[in-house]
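Here is the structure we will look at.
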Amino acid sequence: MKAVFLTLCFAVAVLAQDKYESANDNFDISEVLGNDRLLHAYANCLLNKGPCTPEVKNVKDKLPEALATRCAKCTDKQKQTGKALAQEVKKNHPETWKQLVAMYDPEGKYQQAWKDFLQE
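The sequence shown runs -16 to -1, 1 to 104 under mature numbering (1 follows the signal peptide of the UniProt record, and there is no 0).
Here you go:
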């Protein structure tokens, strides 16, 4: 019985590692969406044009993998936050969106996958 319990604990630990850290999942996205200055500061970090907060640096480090895997390791909250930010930037800050796409998907490999992801 002990062996079964230890095996289950190990399996849960392995599965938990398949997701990104959820420490910042309580991030208030409305604060960013309602503040163009803050949104541009975050975008500048992602575009290597400005300083990064630790939270945005963490996103920046994981962004290439998240794009390539369609956010497979994202928690549900991270997916919601990512969608909201992407939709806001794409709709209301198209120049910034173009710069982000040019930097993170210059070959257009992820365009269709991300269109689908944003519409889910």
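A virtual CB, placed ideally from N, CA and C, is assigned to each residue, including glycine.
Residue burial is scored here from C-beta neighbours: residue 27 has at least 16 other C-beta atoms within 10 angstroms and is therefore classed as buried. Between residue 94 and residue 47 the beta-carbon gap is near 11 Å, outside 8 Å, which marks them as no contact. In the three-state reduction of the DSSP assignment, residue 84 falls in the helix class. Sequence-distant Cβ neighbours of residue 58 in its own chain, meaning closer than 8 Å and more than five residues away, are 3, 4, 50, 66. Residue 62 sits buried, since 16 or more C-beta atoms from the chains shown fall within 10 Å of its C-beta.
Between residue 70 and residue 102, the CB-CB gap stays under 7 Å.
With contacts defined as CB atoms closer than 7 Å, residue 72 and residue 17 qualify as a contacting pair. Secondary structure note for residue 36: it is in no alpha helix (DSSP H), with a DSSP letter that is neither H nor E. Distance from the CA atom of residue 99 to the CA atom of residue 52, rounded to whole angstroms, is 13 Å.
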